[in-house]
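For reference, each letter of the sequence shown is one residue, going 392 to 440 in this note's numbering.
For every residue, glycine included, the Cβ atom is placed at its ideal position computed from N, Cα and C.
Below is one structure, written out as structure tokens, with a few remarks after it.
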Amino acid sequence: DIRNICMEAGMFAVRGTRDHITRDDFKKAVNKVMGKIRTDSSMKERFFV
């Protein structure tokens, strides 16, 4: 998960045409990555209930 968050934060910086990652980039990346994990796990629970 940490690797995915770091990669996503880097992508936010690149999209913002910056050569450094900000705290805001990390916050957005955490929300995006952790949101996907929650969605994925809830989908698995639906299939096995």
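Distance, Met398 Cα to Val405 Cα: 11 Å
Local conformation of Gly407 per DSSP, three classes: It is coil, neither helix nor strand.
Rounded separation between Val440 and Met425 - CA only: The predicted model places Val440 with a pLDDT of 49, which falls under 50 and marks its position as unreliable; any figure quoted below should be read in that light. Spanning the two alpha carbons is a distance of roughly 23 Å.
Status (buried if at least 16 other CB within 10 Å, exposed otherwise) for Asp415: exposed
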